[in-house]
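Worksheet for the structure shown next.
There are 2 protein chains.
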Amino acid sequence: MPRTAAALIIGNEILSGKIVDTNTTFLARTLFELGIDLRRVVVCPDEVDTIAADLSALRTTYDLVFTSGGVGPTHDDVTIDGVAASFGRPVVRSEAVEKMIRHYYGDRATEAHFRMANMPEGGEMIRSSEAPWPTVVVENVFVLPGVPEIFELKLADLRKRLDEGHEFHSQAVYTHSGEGEIASLLERIAKDFPAVMVGSYVKWKAEDYRTKVTFDGNDPEDVAKAADTLVTELDPKQFVRRE
Amino acid sequence: MPRTAAALIIGNEILSGKIVDTNTTFLARTLFELGIDLRRVVVCPDEVDTIAADLSALRTTYDLVFTSGGVGPTHDDVTIDGVAASFGRPVVRSEAVEKMIRHYYGDRATEAHFRMANMPEGGEMIRSSEAPWPTVVVENVFVLPGVPEIFELKLADLRKRLDEGHEFHSQAVYTHSGEGEIASLLERIAKDFPAVMVGSYVKWKAEDYRTKVTFDGNDPEDVAKAADTLVTELDPKQFVRRE
């Protein structure tokens, strides 16, 4: 069974449409490549109680949880408090990170900057050569920042730790057929290959195909057989290409 | 009090990173312009039970709920079934939409196409001159498609129905200061103007400023006063511009 995951995206700026959330897509693609099944994403406001309640629901249901946002120095950065509340632990200050902040900001360092050295008691601070700041991990919860450049850097760093060699395999078949015309065929294939995820995507803008059908699963042979079935049973005139 | 809203984004293709969800941002911006407070977004897989459970939680907590995705003709398009299950109502077929489908697809129409005429019993089919297909509405739940072009068209159509004249007003102040340096000032402003949302956004890529501070609220005077406070109390050398 693939491991399951959820994401908690924290920030009023996303809910008000001021900032476009690109972290969810980056996370989804990374987890897919690692064969980890992202099952749920929740976007919530910068509120300690909401974060704590959401995180408690997610971390007890899924194998891995990734949070994004709310870890900066300002009043609305309350993710660490929310994570600590979810685990029922106090917030403590990492001396190592406090030193890093003092070194980085020097005389400009304010109490607000030092909040970035906070973490729930018993949390781990994972350091790497790539990312400028460590990543807080508490049990199965990875606390990542909202700024996309740093989110992506940190997640790339975590790949090795998360990789257990169960990557997904994918094939795609492109057809001139509309979804409605091949719906019953796809339904049959999905039933015959229960371990393969069958998806279909209509192209509305001009392309050389109308529907892209995707096949994803942990077993490459199974995935190939499911795609074979579609290619074999499709009207040859409707077939465009296979990837 | 502004009305509250939530979104339920339905689709394995988003959770696997195959498709980038742009509907959430479009919805967030539209609701913000209408003064409707989007409080929560959930992305869930194409599963009837999950959709029903999520929708039941959202529609009883928020004034308005918008769903996106899962309304096409294929086996994984189960949103209507999920909405019906949440309301405990049977799925019925709209004769009017059935006629539209018959007219549009002619001899090519399949049983799968006619699934797009399904709706929960007692639902409304809202028609408009702009969107090619009607939108299903059940009480406070608006069922929108996942394809962004149609999602946006339909939501634009719904604007008049949703507009109650409580739009948000926004101002922004750009500064050379880092977030950490103005954190305590921002916290004080947020406390002094409880009806104004104060947000701060760091720019990591080269720009003429380091932090953008935003002020949003229903009362334009209140918003202006909050922004005034920042401009007045900021070191003048750090001020870049106001918008």
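Residue numbers (the working numbering), protein chains in the order written: chain A, 20 to 262; chain B, 20 to 262.
Glycine included, each C-beta is placed from N, C-alpha and C at the ideal position.
Under the three-state DSSP convention, the category B:S87 falls into
Reduced to three states, the DSSP call for B:S87 is strand.
7 Å Cβ shell around A:V250 - same chain, five flanking residues per side excluded:
Same-chain partners within the cutoff: V192, F258 and R261.
Whole-angstrom distance between B:D126 and A:A202, CA atom to CA atom
Roughly 16 Å between the two C-alpha positions.
Decide if B:P109 is buried, meaning its Cβ has at least 16 other Cβ atoms within 10 Å, or exposed.
B:P109 should be labelled exposed.
Please decide whether A:A131 counts as near chain B, where near means a Cβ-Cβ distance under 9 Å.
It does; some Cβ of chain B falls within 9 Å.
Residues of the segment 27-46 of chain A with a CB closer than 9 Å to any CB of chain B: list them in chain order, please.
Cβ contacts with chain B come from I28, G30, N31, E32, I33, L34, S35, G36, K37, I38, V39, D40, T41, T43, T44, F45 and L46.
In its own chain, which residues sit with a C-beta less than 7 Å from the C-beta of B:T43, not counting the 5 before and 5 after it?
A26, I28 and V60.
Whole angstroms are fine: how far does the CA of B:H132 sit from the CA of B:A115?
Straight-line Cα distance between these residues: approximately 14 Å.
For the segment 77-97 of chain A against the segment 203-214 of chain B, are there 3 or more C-beta pairs whose distance is under 8 Å?
Touching, yes, given that three or more Cβ pairs across the two stretches are closer than 8 Å.
Can you give me the Cβ contacts of A:E186 inside the same chain, cut-off strictly under 7 Å, excluding the 5 residues immediately before and after it?
The residues are E52, L53 and G54.
With distances taken Cα to Cα, identify the nearest neighbour of B:K244 among B:K231, B:R229 and B:M216.
Checked all of B:K231, B:R229 and B:M216; the closest Cα to B:K244 is B:M216.
Spell out whether any CB of chain B is found under 9 Å from the CB atom of A:V62.
Chain B contact via Cβ: present.
Are the C-beta atoms of A:A214 and some chain B residue less than 9 Å apart?
No, no contact with chain B.
Taking all protein chains shown into account, decide if A:W152 is buried (16 or more other Cβ within 10 angstroms of its Cβ) or exposed.
Flag for A:W152 reads buried.
Pull up the distance between the alpha-carbon of B:W223 and that of A:E117, whole angstroms please.
When the Cα atoms are used, B:W223 and A:E117 turn out to be separated by approximately 22 Å.
Of the listed residues B:D100, B:L177, B:K37 and B:D176, nearest to B:R134 (C-alpha basis):
If we check each option's Cα against that of B:R134, B:D100 comes out closest.
Counting only Cβ pairs nearer than 9 Å, list the residues of chain A close to B:R229.
Those do not exist, as B:R229 stays about 12 Å from chain A at its closest Cβ, beyond 9 Å.
Contact residues within the segment 82-103 of chain A, judged by C-beta distance below 9 Å to chain B
Against chain B - using a Cβ distance shorter than 9 Å - the residues of the segment 82-103 of chain A are G91, P92, T93, H94, D95 and D96.
Report yes if the CB atom of B:S105 is closer than 9 Å to the CB atom of B:I70, and no otherwise.
Taking 9 Å as the Cβ cut-off, B:S105 and B:I70 qualify as a contacting pair.
Taking Cβ to Cβ, would you say B:K37 is nearer than 9 Å to A:T233?
Yes.
Are any of the Cβ atoms in chain B nearer than 9 Å to that of A:T233?
Interface with chain B (9 Å Cβ-Cβ cutoff): A:T233 is included.
Flag B:Y124 as yes if its beta-carbon sits less than 9 Å from any beta-carbon of chain A, otherwise no.
For B:Y124, the closest Cβ of chain A is nearer than 9 Å.
Could you tell me the distance, in whole angstroms, from the CA atom of B:S147 to the CA atom of A:E66?
Answer to the nearest angstrom: the Cα atoms are 39 Å apart.
Please decide whether A:L51 counts as near chain B, where near means a Cβ-Cβ distance under 9 Å.
Looking at the sequence itself, residue 51 of chain A is Phe, so the reference to Leu does not match. Yes - at least one Cβ of chain B is within 9 Å of the one on A:F51.
Is the beta carbon of A:P64 closer than 9 Å to that of A:A103?
No.
Using a Cβ cut-off of 9 Å (strictly closer), state whether A:I145 contacts chain B.
For A:I145, no Cβ of chain B is located within less than 9 Å of the residue's own Cβ.
Quick check on A:S203 - is its C-beta less than 9 Å from some C-beta in chain B?
Contacts with chain B at 9 Å (Cβ-Cβ) include A:S203.
Would you mind listing the alpha helix (DSSP H) stretches within the segment 73-131 of chain B that are 4+ residues and don't spill past its ends, in chain order?
Whole alpha helix (DSSP H) segments, 4+ residues: 98-106 and 114-124.
If the cut is a Cβ gap below 7 Å, which residues of chain B does A:E193 touch?
Looking at the sequence shown, residue 193 of chain A is not Glu but Tyr. Correct list: empty, because the minimum Cβ distance to chain B is about 14 Å.
Residue from B:V166, B:G141 and B:N137 whose Cα sits closest to the Cα of B:I33:
Among B:V166, B:G141 and B:N137, the Cα nearest to that of B:I33 belongs to B:V166.
What's the gap between the Cα of B:H188 and the Cα of A:D40?
Roughly 22 Å separates the two Cα atoms.
In three-state terms, what does DSSP make of B:R22?
Reduced to three states, the DSSP call for B:R22 is coil.
Compare the C-beta of A:L181 against all C-beta atoms of chain B and say whether one is closer than 9 Å.
For A:L181, the answer is no, since every Cβ of chain B falls outside 9 Å of its Cβ.
Under 9 Å from the C-beta of A:E240: neighbouring residues of chain B
One finds nothing in chain B with a Cβ atom closer than 9 Å to the Cβ of A:E240; even the nearest lies about 20 Å away.
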